[in-house]
Amino acid sequence: MQEFLQLVLSGIATGGIYASLALALVLIYNAMGLVNFAQGEMAMLATFVGYALITRGMSFWIAFPVTLVLAFGGGIVIQRVVIKPVEKAPVLTLVIITLGLATLVNGLAGFIWGYLPRTFPSPFSSDSVDLGGVFVSYRDVGVIAVTGVVLLCVYLLLQHTTVGLTLRAAAHHPEASRLLGVHVSWMLALGWGLASAVGAVSGMMVAPVLFLEPNMMQTIIIYAFAAAVLGGIESPLGAVVGGLIVGVTINLAGAYLPGVGGDLQLAVGLAIIIVVLILKPNGLFGQAAVRRV
Amino acid sequence: MGTLLEVADLSVRFGGVVALDRVSFQVEQGQVVALIGPNGAGKTTLFNVITRVYRPSQGTVLVDGRSVLAIRPHNVVRHGLARTFQNVALFRSMTVLDNVLVGDHTHTKSGWLQASVPLPGAVAAESAARKRALEMIDFVGMRMHADRPVATLPFGVQKRVELARALVSKPRLLLLDEPAGGISHEEVDAMARLLRRVHTELGVTMLLVEHHMNFVMGISDRVVVLDFGKKIAEGSPAEVQRNPAVIEAYLGAA
């Protein structure tokens, strides 16, 4: 039982990391109706930027917000430079462009920092605290706290501010929003910036566990896809809940299902995507698309 | 009293199709003008030119003497223009109140940084915005639905919500695309009463596209008739109803 609780808790911690990246995917999906395949690579690049700051002597807790701000700006620049010129292109073209962007960012990071795995300093002590027989690592508690605060901030921004309101409006119905005075194009850029910053949180939190290298996010993005699809690709709340479910499920599957440890865990992530798409294509929180014709 | 909307010599072509052919008419301040015509006559196209969705091939559209073609699309509302859509273009997953708040946000004069950080000034501005939005929801008689997601409401209610969203920006000219389309008989009468109140109590000038003839004749000061992109008649409701060209367009050659 104690082992089970420990597994659930560390599953929630990794789930928070998946949730952050899944939320980034959902933000962009809502803004332009497509999955940004470069999301993981953008998070990886941001993490390298954070690494560069930390190795130049900045403390983690200063480098972390600075990296998020830089990632936010970087997301806006990518939207303006790469996405905006092809805004009205067919979805397939845009998908290919995000795939190209992923390759480009990956190659850029490899060119600058090389492909050797580097240790990324963890901001949390590796000790554990004993809570009535359940050993909880400070790392897990720290990751849960950080991702929790970030997700809460995004929620408050989207649901309780005027910017969040117009951001949702622009994503939902660009034509009507424009007519109501919303500067739709800049709202989409803001969405990219926000997604990029939220994605960077997942990179900064996962790097101490995984070692930092350009391909670091390639398994994480699969779990984030699984989380987003499970929650309903249009639902920010769904992305968070989906991320937590995926994190806990994979942790438990790795421990209790014979042979699922290690590389086969990724198969569980992919299996979640396939099963959800077959049984409940709109996910847990998604609404069926209804169109008046 | 002056001319609020002046459409002059306006043509729109899509490839070889002429959707509007040298249409000219005016809407005076304080008037209710209806735009009628058989399907495909170019009524919605005209709305889309006025609200900067389409660019005309020739001609001008002046609002208060200023060309709308020089205004960027997201600034149209700041020049006192608002519209509703034929099939209702609401934010379906958002509540009635949030929908109307989006319509109001151009009044909340704070920058986006102020608007994203809950400083005291921004909080006060937001509660003022909520108050204005709720007043407008009250005006259209939908107060009891304010916190419900739009997607759960019947079409007739959604039409009123869209009207509230358009009105909260305090437009001088309101464009209504089939306000009586797709709703029941009782709702049509109630909509006519509501629009009369918009006209008299809020002093909003209106240009409306509508197929429902009783509705049009009961509410309009003037009627402009389009057929195949051309203006074929203009006048008071009674004059237009007697006009042979209009009767022919609607019923076919006698």
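Keeping their order, the protein sequence lines are chains Y and P.
Anchor point for the first sequence: position 93 equals 93 in our numbering, and the numbering is continuous, going up by one each time.
Just add 1000 to the spot in the second sequence (first one is 1) and you have our numbering.
Ideal Cβ placement from N, Cα and C applies to all residues, glycine included.
What separation, rounded to the nearest whole angstrom, lies between the Cα atoms of residue i and residue j?
i	j	result
Y:A71	Y:G133	40 Å
Y:L92	P:V1204	45 Å
P:S1220	P:L1173	14 Å
Y:G243	Y:L270	14 Å
P:I1183	Y:V95	40 Å
Y:M204	Y:F64	8 Å
P:E1006	Y:I28	41 Å
Y:G110	P:G1181	59 Å
Y:S122	Y:I17	14 Å
P:V1032	P:P1237	11 Å
P:D1104	P:S1169	5 Å
Y:G231	Y:N282	8 Å
Y:I12	P:L1069	54 Å
P:A1254	P:V1216	Unreliable positioning characterises P:A1254 in this predicted model, as indicated by a pLDDT of 48, which lies under 50. A coordinate reading is not provided.
P:R1148	Y:V276	29 Å
P:V1150	Y:S125	48 Å
Y:V8	Y:V201	21 Å
Y:Q39	Y:I97	12 Å
Y:A224	Y:L25	8 Å
P:D1009	P:R1066	16 Å
Y:L158	Y:G74	20 Å
P:H1211	P:G1037	8 Å
Y:Q2	Y:D140	16 Å
Y:V149	Y:V198	11 Å
Y:G254	Y:G261	4 Å
P:R1132	P:L1097	10 Å
P:R1196	P:G1040	28 Å
P:K1231	P:G1042	10 Å
P:G1252	P:P1244	11 Å
Y:G191	Y:V154	11 Å
Y:V240	Y:L99	24 Å
Y:G15	Y:I245	7 Å
P:V1017	P:A1249	19 Å
P:H1074	Y:S177	8 Å
Y:V248	Y:A19	12 Å
Mind pulling the chain P residues with CB within less than 7 Å of residue i?
i	result
Y:L179	T1051, V1076, V1077 and R1083
Y:L284	None at all; the shortest Cβ gap to chain P is about 15 Å.
Y:L27	Those do not exist, as Y:L27 stays about 15 Å from chain P at its closest Cβ, beyond 7 Å.
Which whole-angstrom value is the C-beta distance of residue i and residue j, which I expect to be below 8 Å?
i	j	result
P:L1207	P:V1061	With 8 Å as the limit, P:L1207 and P:V1061 do not qualify as a contact, their Cβ atoms being about 11 Å apart.
P:P1225	P:V1209	According to the sequence as given, residue 1225 of chain P is Val; it is not Pro. Actually they do not touch by this definition, with Cβ atoms about 12 Å apart.
Y:V229	Y:I273	5 Å
P:S1011	P:Q1058	5 Å
P:A1146	P:L1134	6 Å
Which chain P residues sit within Cβ distance under 9 Å of residue i?
i	result
Y:R295	With chain Y represented from 1 up to 293, any question about residue 295 of chain Y goes unanswered, as that position is not in the structure.
Y:L23	Neighbours of Y:L23 on chain P: none; closest Cβ ~17 Å, over 9 Å.
Y:L158	Going along chain P, no residue has its Cβ under 9 Å from Y:L158, so there is no contact; the nearest lies around 10 Å.
Y:L237	Correct list: empty, because the minimum Cβ distance to chain P is about 12 Å.
Can you name the residues that DSSP bridges to residue i?
i	result
Y:V136	Y:V129
P:D1064	Its beta-bridge partners do not exist; DSSP assigns none.
P:E1234	P:V1224
P:Q1058	P:S1011
Y:I245	Paired residues: none, contrary to the question.
P:I1036	P:V1225
Y:R118	Y:L212
P:T1095	P:P1149
P:R1083	P:L1175
P:E1006	P:Q1026 and P:L1062
P:M1206	P:V1032 and P:L1174
P:V1017	P:F1014
What residues of chain Y sit near residue i, judged by a beta carbon separation below 9 Å?
i	result
P:S1169	L180 and G181
Could you name the residues of chain P that residue i contacts, counting a contact when the two beta carbons are closer than 8 Å?
i	result
Y:Q287	S1093 and A1151
Y:L151	Result: empty, since nearest Cβ-Cβ is about 16 Å, beyond 8 Å.
Y:E175	V1053 and A1089
Y:L210	Per Cβ cutoff of 8 Å: no residues; Y:L210 is ~32 Å from chain P at best.
Y:L230	Going along chain P, no residue has its Cβ under 8 Å from Y:L230, so there is no contact; the nearest lies around 19 Å.
Starting from residue i, find everything on chain Y with Cβ-Cβ shorter than 7 Å and list it in chain order.
i	result
P:P1073	R178
* To do: Could you list the residues in the region 181-203 of chain Y with a C-beta less than 8 Å from some C-beta on chain P, going in chain order?
  => G181, V182, H183, V184 and L190
* Residues of the region 64-80 of chain Y with a CB closer than 9 Å to any CB of chain A: list them in chain order, please. => Chain labels in this structure do not include chain A; the protein chains are Y and P.
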